[in-house]
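To start, the structure under review is shown below, and the notes come after it.
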Ligand code: DMJ
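In UniProt numbering, the protein residues as written are 1 to 499.
Given below as structure tokens:
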């Protein structure tokens with residue numbers, strides 16, 4: 001009931017001050033529309049290469065600067081006048097429905113019916129549109145059976161297709177939804193596409209094909225699968241940057257956190273969603289996890305297990321908050337394994353989740369930093385000023401939810417409840433919830449942003465942590481990477497599109 005109250009509070013404030021905008025700014029009591037998900041990158045210029053949708057076409061456009069790496073997964077949408085709106089409405093739909101916030105769900109649905117305009121001429125991140133909008137609409141359709149959600153999801157899916165017109169079929173990261181032109185992020189090395197972006201389409205696109213009867217969506221993601229399964233992998237690892245033109249890796253940075261994360265998640269969930277028929281996805285997941293265990297999993301001097309990042313063979317002993325989803329993923333994937341592997345993977349999942357819990361427990365606020373390091377004298381804490389913020393992210397409570405459901409050890413509920421209390425104390429402001437700039441001070445400065453994923457994921461996973469297991473049972477549903485539930489699919493679309 002407490003978490004339901006938090007959801008109502010977050011929604012009511014968004015609706016009151018920012019309905020139709022992408023996210024609520026709870027301190028200034030307004031919303032923002034452009035630059036979706038740009039908050040922590042505001043100071044960076046965007047340098048982007050724009051390319052014609054036709055293979056080989058392309059011209060350079062604007063901008064200076066840019067950044068090779070950033071520590072998050074919010075893939076900045078370049079300033080986007082005329083872009084998609086209402087991210088929080090779409091992200092919140094299924095959470096409102098599941099929590100039986102009936103009146104609020106109807107408000108959200110009405111906005112989708114009357115005001116959600118897909119005929120926009122703005123730029124958008126292929127990845128974000130897929131996980132937040134298409135994922136949110138599909139989940140709302142599957143939960144309610146309301147055709148409006150299905151139709152909007154299909155319409156939006158069609159608009160994304162031109163991004164796949166590259167020599168390899170690996171899509172580019174940014175698309176203009178009006179013209180269909182697409183290009184790569186300027187900060188991505190040499191016009192490359194990002195593993196966690198083009199590798200996080202499979203679940204939604206299979207459902208788009210199933211619902212429309214049009215195999216084109218499934219074909220697009222199976223082409224990506226083909227490129228990835230054939231390309232040579234250094235030590236069995238998947239680097240984060242791939243050229244959509246040549247299909248080869250552009251830079252050897254490997255991470256289970258930002259830039260890589262949900263690619264691994266979608267391999268195991270593709271297998272689960274296919275009712276365990278998609279054995280190719282399972283094999284790719286198993287092989288990837290084996291390489292991660294061998295090369296990236298480390299134990300600190302103080303006994304904490306973590307997953308390091310890899311830069312051309314050199315380890316960076318750092319874990320991003322984003323990487324904390326992996327405890328839940330590994331536990332989920334362990335369930336069907338032979339006993340020895342199951343136990344080993346459940347042990348690994350529990351240890352990683354415990355390390356992520358430590359990153360929360362070792363801060364003054366009880367909330368975890370954006371990234372934490374394992375260096376002499378510092379374990380599971382942020383050592384750089386720029387990594388001390390918390391933006392209402394879900395990954396740690398996501399792992400608590402999976403570990404609770406799969407082990408029923410009470411500590412996961414206890415840890416989840418501690419997060420609820422910390423959110424109430426440090427992030428709840430008069431008109432919504434806000435991220436904080438420094439988890440190591442109890443007089444935190446707020447960032448004035450109520451992220452849409454707080455409603456889609458953080459509050460949903462917390463709620464599910466305290467529900468009975470049959471509420472969105474893991475036997476029947478897989479959660480996309482934005483926590484939108486998709487039903488286990490009994491049609492093997494993969495077989496349908498293979499020659
Ligand atoms: C969400 O949009 C998704 O979980 C994505 O996969 C990673 N980042 C955010 C939440 O932190």
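Using N, Cα and C, we set each Cβ at its ideal position, and we do this for glycine too.
Which residues DSSP lists as bridging residue i, in chain order
i: residue 379; result: 374
i: residue 305; result: 299
i: residue 428; result: 433
i: residue 23; result: 32
i: residue 316; result: 309
i: residue 485; result: 479
i: residue 194; result: 241
i: residue 253; result: 311
i: residue 390; result: 436
Cα-Cα separation, residue i to residue j
i: residue 408; j: residue 465; result: 10 Å
i: residue 486; j: residue 6; result: 24 Å
i: residue 43; j: residue 437; result: In this predicted model, residue 43 has a pLDDT of only 29, less than 50, meaning its place in the structure is not dependable enough to derive any value.
i: residue 143; j: residue 440; result: 40 Å
i: residue 19; j: residue 220; result: 34 Å
i: residue 476; j: residue 483; result: 14 Å
i: residue 422; j: residue 400; result: 16 Å
i: residue 208; j: residue 480; result: 14 Å
i: residue 164; j: residue 33; result: 26 Å
i: residue 133; j: residue 419; result: 27 Å
i: residue 180; j: residue 116; result: 19 Å
i: residue 272; j: residue 200; result: 15 Å
i: residue 59; j: residue 172; result: A caution first: residue 59 carries a pLDDT of 24, below 50, which makes its placement in the model too unreliable to give a value.
i: residue 39; j: residue 424; result: With a pLDDT of 29 at residue 39, under the threshold of 50, the predicted position of this residue should be treated as unreliable, and no value is reported.
i: residue 213; j: residue 204; result: 14 Å
i: residue 302; j: residue 375; result: 11 Å
i: residue 140; j: residue 109; result: 9 Å
i: residue 193; j: residue 128; result: 14 Å
i: residue 106; j: residue 365; result: 36 Å
i: residue 333; j: residue 265; result: 9 Å
i: residue 394; j: residue 413; result: 15 Å
i: residue 380; j: residue 196; result: 24 Å
i: residue 3; j: residue 341; result: 35 Å
i: residue 54; j: residue 321; result: The predicted model places residue 54 with a pLDDT of 31, which falls under 50 and marks its position as unreliable, so this point remains unresolved.
i: residue 472; j: residue 377; result: 42 Å
i: residue 467; j: residue 230; result: 42 Å
i: residue 51; j: residue 16; result: Here residue 51 scores only 38 on pLDDT, less than 50, and its place in the model should not be relied on; the value that follows carries that caveat. Each residue's alpha carbon lies about 40 Å from the other.
i: residue 298; j: residue 361; result: 20 Å
i: residue 103; j: residue 406; result: 33 Å
i: residue 443; j: residue 426; result: 8 Å
i: residue 316; j: residue 373; result: 9 Å
i: residue 10; j: residue 387; result: 25 Å
i: residue 384; j: residue 370; result: 10 Å
i: residue 159; j: residue 84; result: 12 Å
CB contact below 8 Å: residue i versus chain C
i: residue 462; result: Checking the listed chains, one finds no chain C in this structure; it contains a single protein chain.
Extent of the continuous beta strand (DSSP E) to which residue i belongs
i: residue 176; result: 174-176
i: residue 123; result: 123-125
i: residue 182; result: 182-184
Residue range of the unbroken alpha helix (DSSP H) whose run includes residue i
i: residue 352; result: 339-361
i: residue 248; result: Careful: residue 248 lies outside any alpha helix (DSSP H) and carries neither H nor E.
i: residue 271; result: 261-273
i: residue 212; result: 202-212
i: residue 144; result: 135-144
i: residue 447; result: Run containing residue 447: none; DSSP gives neither H nor E here.
i: residue 397; result: 395-407
i: residue 219; result: 216-230
i: residue 7; result: 2-18
i: residue 95; result: 87-98
i: residue 151; result: 147-160
i: residue 233; result: From DSSP, residue 233 is part of no alpha helix (DSSP H); its letter is neither H nor E.
i: residue 417; result: 410-422
i: residue 364; result: Residue 364 -> no alpha helix (DSSP H), and no H or E assigned at all.
i: residue 109; result: 102-115
i: residue 326; result: 326-334
Problem set entry | Segment contact flag, the segment 306-325 with the segment 247-262, C-beta cutoff 8 Å, min 3 pairs | When Cβ pairs closer than 8 Å are counted between the two stretches, the segment 306-325 is seen to touch the segment 247-262, the count reaching three or more.
Exercise. Would you call the segment 423-434 and the segment 16-27 touching, i.e. three or more CB-CB distances under 8 Å?
Worked result: Counting Cβ pairs under 8 Å, three or more are found: they touch.
For this session: Take every Cβ of the segment 232-246, pair it with every Cβ of the segment 279-292, and state whether three or more of those distances are shorter than 8 Å.
Result: Enough Cβ pairs lie closer than 8 Å, so yes.
For this session: Say whether the segment 274-283 touches the segment 344-351, bearing in mind that this needs 3 or more beta-carbon pairs closer than 8 Å, one atom from each stretch.
Result: No, the segment 274-283 does not touch the segment 344-351.
For this session: Decide yes or no for the touch test of the segment 240-249 against the segment 185-204: beta carbon pairs closer than 8 Å, at least 3 of them.
Result: Taking 8 Å as the limit for Cβ pairs, the verdict is that the segment 185-204 does touch the segment 240-249.
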